[in-house]
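Numbering (the UniProt record's numbering), first residue to last: 1 to 106.
Here's what the structure looks like:
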């Protein structure tokens with residue numbers, strides 16, 4: 001199991017155990033993390049699973065691919081560390097990953 005920490009806009013922490021191969025978004029939904037809507041179900045067809053990757057993790061998580069970058073254009077308050085959580089695959093190297101949920105989606 002890989003540990004993930006979601007920090008809601010109000011500062012509440014949600015620590016979850018995630019299976020490798022799943023996505024950060026799937027784990028947010030499974031654990032009822034507020035602010036992650038995931039309207040498209042993880043198809044990279046909306047921007048309602050937008051998160052901010054903690055700066056300590058941006059290099060390990062990597063850059064968004066072209067399709068994700070296009071969808072991020074629809075996200076609220078995009079930052080250099082913005083990612084769609086449906087596009088981040090959980091793996092051992094992400095054990096301890098911290099992501100923040102924006103004030104609102106879209």
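Glycine included, C-beta positions come from ideal geometry on N, C-alpha and C. The structure presented is a predicted model; accordingly, all values stated were derived computationally and were not measured.
- Item | Span separating the alpha-carbon of residue 77 from that of residue 102 | Approximately 8 Å, taken between the alpha carbons.
- Query: From 95, 88 and 41, pick the residue whose C-alpha is nearest to that of residue 3; which is it?
  - Reply: Measuring from the Cα of residue 3, the nearest candidate turns out to be 95.
- Item | Three CB pairs or more closer than 8 Å across the region 32–39 and the region 61–81 | At 8 Å Cβ cutoff, the stretches do not touch.
- Give the straight-line distance between the Cα atoms of residue 23 and residue 55, rounded to the nearest whole angstrom. Straight-line spacing of the CA atoms in residue 23 and residue 55 works out to 19 Å.
- Per-residue DSSP class, three states only, for residue 22: It is coil, neither helix nor strand.
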